[in-house]
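Here the sequence shown stands for residues 10 to 335, where the numbers follow the numbering used here. Where a beta carbon is used, it is the ideal one built from N, C-alpha and C, also for glycine. Note that the structure is a prediction, hence the values are computed from the model and not measured. A short worksheet on the structure shown next.
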Amino acid sequence: MYPRLIKSAAVLAAVSLCAAAASLYWVYRSGHAHLIGSLVFAETVRPESKIKEIVIRSPEYTATLENDNDFWHIREADNYYANFDLVRSLFKNFRETRFIRKQTATPQLLSELDLGNPYRSDAHAGTSISILDEQGRELNHLILGKAGAENQTRFARIPSLPDIFTVSGQYTLPAELSSWIQQPLMSLELKDLQAVQIDGEKVSRKAPAQAFIIFENNHPQKLVRLEVLERQLSYLGSEAVMSAQNFDDTRYPRRRQMAFTTFDGLIYNLELYADNQDYWAKLTLSATPLPTTETNDYIRNSAFLYDGWFFKLSAETGRTLFQYKL
10 MYPRLIKSAA VLAAVSLCAA AASLYWVYRS GHAHLIGSLV FAETVRPESK
60 IKEIVIRSPE YTATLENDND FWHIREADNY YANFDLVRSL FKNFRETRFI
110 RKQTATPQLL SELDLGNPYR SDAHAGTSIS ILDEQGRELN HLILGKAGAE
160 NQTRFARIPS LPDIFTVSGQ YTLPAELSSW IQQPLMSLEL KDLQAVQIDG
210 EKVSRKAPAQ AFIIFENNHP QKLVRLEVLE RQLSYLGSEA VMSAQNFDDT
260 RYPRRRQMAF TTFDGLIYNL ELYADNQDYW AKLTLSATPL PTTETNDYIR
310 NSAFLYDGWF FKLSAETGRT LFQYKL
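Given below as structure tokens:
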């Protein structure tokens with residue numbers, strides 16, 4: 010009797026082991042189904058993980074974000090500051106993105122969902138996000154493709170796995186490198202401006218409801234409309250950034266000085282540089298003799314974004330600012 014029981018137990022154990030092995034094999038072959046519901050960037054958000062570098066690569070550009078004293082800088086933009094809002098959004102996705110469902114990858118699906126590998130210059134390549142720690146170890150790597158319904162999800166894949174996943178999250182991934190730069194350089198509305206000075210000529214007013222006037226010997230000489238200028242100042246963005254140590258101002262013989270004074274006492278001093286092709290700007294902040302407390306705080310907290318940096322303007326914006334006359 011006992012030998013028969015032992016034999017039955019052995020058979021049962023063997024069957025159980027085979028079933029367990031088959032189950033594990035099925036999980037592996039089914040594209041790591043156990044990932045469903047878990048965090049996509051689990052290694053990245055672990056408290057002990059020290060992120061040093063985030064590499065974002067698309068068919069159009071590579072942006073390498075590097076951490077330095079809790080600020081993120083862009084290697085490809087002469088180590089200028091990365092866009093604060095985009096970085097916050099990216100880390101929010103790191104904390105919240107989860108695997109929702111999976112499907113087997115096929116060449117046709119990879120193409121249709123824009124999930125090709127941008128490092129291999131694949132057709133219909135997606136955007137790769139690779140996070141590295143201080144030792145250079147890759148914490149997570151995800152390729153994002155097309156957005157799902159109402160932009161609430163994304164099709165994605167992990168390069169080392171054979172499956173396509175649907176993941177949660179609204180990702181803001183710019184189409185060009187310049188959008189990763191902290192923007193805008195300036196953002197002013199006409200109602201904020203008290204005075205404008207261009208190459209020594211000045212217009213001013215005493216109240217927001219008044220017109221801008223050019224004065225000579227304290228007498229009004231001419232009314233000036235600034236709508237053309239306002240269109241440029243409402244969002245003055247930059248296409249590239251260069252540190253002062255790498256910027257050769259001798260290449261740009263054409264210069265122009267502009268100053269924009271707000272009713273709060275803040276002065277934006279804009280120095281323009283141009284050659285036959287490119288337009289660059291240097292911005293410094295200063296204050297009138299009686300600025301508001303908020304203005305002094307703004308200068309103290311924001312000057313680091315401008316001091317020692319030159320900003321490339323679009324050709325259209327540069328031409329408009331250089332040709333503008335009061």
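Status (buried if at least 16 other CB within 10 Å, exposed otherwise) for Ser252: Around the beta carbon of Ser252, a 10 Å sphere encloses fewer than 16 other beta carbons of the protein chains shown; the residue is thus reported as exposed.
Glu62 - partner residues in DSSP beta bridges: Answer is Glu75, Leu141, bridged to Glu62.
Start-to-end residues for the alpha helix (DSSP H) that takes in Ala324: DSSP places Ala324 inside the alpha helix (DSSP H), whose first and last residues are 324 to 332.
Leu299 beta carbon less than 9 Å from that of Asn312: A quick correction: the sequence has Ala, not Asn, at residue 312. Using a Cβ distance threshold of 9 Å, Ala312 and Leu299 do not count as a contacting pair.
Identified DSSP bridge partners for His133: Residue pairing for His133: DSSP places it in no beta bridge.
Residue range of the unbroken alpha helix (DSSP H) whose run includes Thr115: Premise fails: Thr115 is in no alpha helix (DSSP H) and is neither H nor E.
Sequence-distant residues of its chain with Cβ nearer than 6 Å to Arg263 (five each side left out): For Arg263, where only same-chain residues beyond five positions count, the Cβ hits under 6 Å are Ala283.
9 Å Cβ cutoff met for Lys321 and Glu248: Contact: yes.
Cβ contact (3+ pairs, closer than 8 Å) linking the region 131 to 142 and the region 54 to 72: Flag = yes, the region 131 to 142 and the region 54 to 72 touch.
Ranges of the beta strand (DSSP E) found wholly within the region 244 to 327, counting only runs of at least 3: Fully enclosed beta strand (DSSP E) runs of 3 or longer: 249 to 252, 263 to 271, 275 to 283, 288 to 296, 318 to 322.
Length of the line joining the Cα atoms of Arg97 and His150: Each residue's Cα considered, the two are about 19 Å apart.
Closest by C-alpha distance to Tyr288, when choosing among Thr329, Ala268, Leu314: It is Thr329 whose Cα lies nearest to the Cα of Tyr288.
N- and C-terminal bounds of the beta strand (DSSP E) containing Leu153: 147 to 156 is the extent of the beta strand (DSSP E) around Leu153.
Chain-order list of residues whose beta-carbon lies under 7 Å from that of Ile190 (same chain, five-residue window excluded): Excluding positions up to five away in sequence, the list reads Ile83, Ala86, Tyr89, Asn92, Ser247, Val250.
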